[in-house]
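*Asks:*
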Amino acid sequence: MSVSLSFLEWDHELAAAEGEFYSAAMEWHFSPETGSRFWLEKADTLGFDPRRDVRTHADLRRFPNVVGELRNVPIEALVPRGYGDRPDVIGAFDSGGTTGAPKRVPLMSDWLRHSLTWKSLRLDDLGFPIEANWLTIAPSGPHIFGRLMAELTRMRGGICFTVDLDPRWVRRSLALGRTEEASEYAGHVVAQAHSILEEQDIGVLVVTPPLLVRMAESDALVDLINEKVSVIMWGGAHLDADTRKVLQGQVFPEIPLCGQYGSTMILGGSIERAGAGWPNGHCVFDSFSPYTTFSVVDPGSLAEVAEGERGQVVMHHVSKSLLLPNNLERDLATRVAAPAGALGVSVADVAPVAVFEDAQVIEGVY
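When we follow this note's numbering, the leftmost residue of the sequence shown carries the number 789, and every step to the right adds one.
Structure, rendered in structure tokens:
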């Protein structure tokens, strides 16, 4: 059967049918000429033929969760052969390492371009300013978050100011009971942000919720943010509805707070849905369908929960650059209906599980 691989090329004005998209994706990732060494070697162990048997989003659940293997897979083995002898790899990026040794995935230049274009369109929907400077308080390499925010700022015509963040050091300090050390580090980060806000024109502030709460404890810093910043984008950690309500209603009453949610294992994330909220102030996150999608499952049985019920988030990445389906994430969420025409589901009220992969989950500052 002839399959058009053009369905893998993103165009925000065009969309392939579900069957056409998955046929193209499986052909690309499991053809000897175009697939990655990792998936070609694993194909015989799957117990099914992806090129024949995967035609719907539900079929992705047939794949095993291979994310744990990415702790020691050579990064070159994950790059599809179809990119040729000199693939344009932006870099290799780590998961947060919240529950053990980090996993690593490659970031291809075409995926970076497509995913950030999609995200930038979502920012337009939310009223983010164009040609504004951003202050991003986020981890840089080996983490992907800081790189994505820097590229997004440049795409939208602004200059990105950064304060680096080492979330692994904070989590290590907290795990060892050194809470004062973690607090001092957070203060060190906030002081750098304060300096930039005093000296530069900043239109967008990107920050993790724990650090935003820390910033809100300084009257001088709150005044600076209210004076200069147009939008606050939070992400990288949980923000409960009550805290968001206080921050939005009392601390930054004229500045929209916009959340983002994602994972390195899907090479990005999503921005909260514009113009709609879940009851009790929770925001809703829509995925970059059909390339990154969400499912919500019962943590015990792994069966999908009904709409409106809570469960554990499963993320899927299916693009030209990477195949990583059926990844059980360390988050709980409420299942919400996805926008019309999108695959998978949307999620609301995202919060970390207490234990994941037999390890206690410590968020810290990210």
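C-beta: ideal position from N, C-alpha, C; glycine also.
1. Quick check: what's the CA-CA separation for Arg942 versus Ile925?
2. Under a Cβ-count criterion, where at least 16 other Cβ atoms within 10 Å of its own Cβ denotes burial, should Asn860 be classed as buried or exposed?
3. Ignoring anything shorter than 4 residues or poking outside the segment 896 to 975, list the alpha helix (DSSP H) runs there in chain order.
4. Please determine, among Ala1121, Asp832 and Asn1114, the residue with the shortest C-alpha to C-alpha distance to Glu1097.
5. Where are the beta strand (DSSP E) runs, 3 residues long or more, that stay fully inside the segment 1033 to 1098, in chain order?
6. Count the other CB atoms, across all protein chains shown, that sit within 10 Å of the CB of Glu976; report buried if there are 16 or more and exposed otherwise.
7. Should Arg840 go down as buried or exposed, given a rule of 16 or more other Cβ atoms within 10 Å for buried?
8. Does the CB of Phe881 have a neighbour CB from chain C at under 8 Å?
9. Inspect the CB distances between the segment 1100 to 1110 and the segment 1079 to 1087 and report whether three or more fall short of 8 Å.
10. Would Pro852 be called buried (16 or more neighbouring beta carbons within 10 Å of its own) or exposed?
11. Alpha carbon to alpha carbon, what distance is there between Asp1086 and Glu1092?
12. Tell me whether the beta-carbon of Ala1126 lies closer than 8 Å to the beta-carbon of Ser1134.
13. For Leu914, which residues in the same chain have their Cβ closer than 8 Å to its Cβ, ignoring the five residues on either side in sequence?
14. Is it buried or exposed for Ala813, if we count other Cβ within 10 angstroms and need 16 for buried?
15. Leaving aside the five residues before and after Ser1139 along the sequence, list all residues of the same chain whose C-beta is less than 8 Å from its C-beta, in chain order.
16. Identify the continuous beta strand (DSSP E) that holds Arg1118 and give its terminal residues.
17. Can you have a look at Leu953 and say buried or exposed, based on whether 16 or more other CB atoms are within 10 angstroms of its CB?
18. Touch check for the segment 925 to 937 and the segment 881 to 901: three-plus C-beta pairs under 8 Å?
19. Helix, strand or coil for Phe881, going by three-state DSSP, please let me know.
20. Any idea which residues DSSP pairs Val1135 with across the strands?
*Replies:* Reading off the structure:
1. 16 Å
2. exposed
3. 897 to 913, 933 to 943 and 955 to 963
4. Ala1121
5. 1045 to 1051, 1056 to 1066, 1070 to 1073 and 1080 to 1085
6. According to the sequence as given, residue 976 is His; it is not Glu. Exposed is the call here.
7. exposed
8. The chain labelled as chain C is not found in the depicted structure, where only one protein chain is given.
9. yes
10. Burial state of Pro852 is exposed, judged by a 10 Å Cβ sphere holding fewer than 16 other Cβ atoms.
11. 6 Å
12. yes
13. Val1019, Pro1044, Cys1046, Ile1059, Glu1060 and Ala1062
14. buried
15. Note on identity: in this sequence residue 1139 is Ala, with Ser being the wrong assignment. Excluding residues within five positions, the ones whose Cβ falls inside 8 Å are His1026, Asp1028, Asp1119, Leu1120 and Ala1121.
16. Leu1111 to Val1124
17. Label assigned to Leu953: buried.
18. yes
19. Correct three-state label for Phe881: strand.
20. Phe1073 and Arg1123
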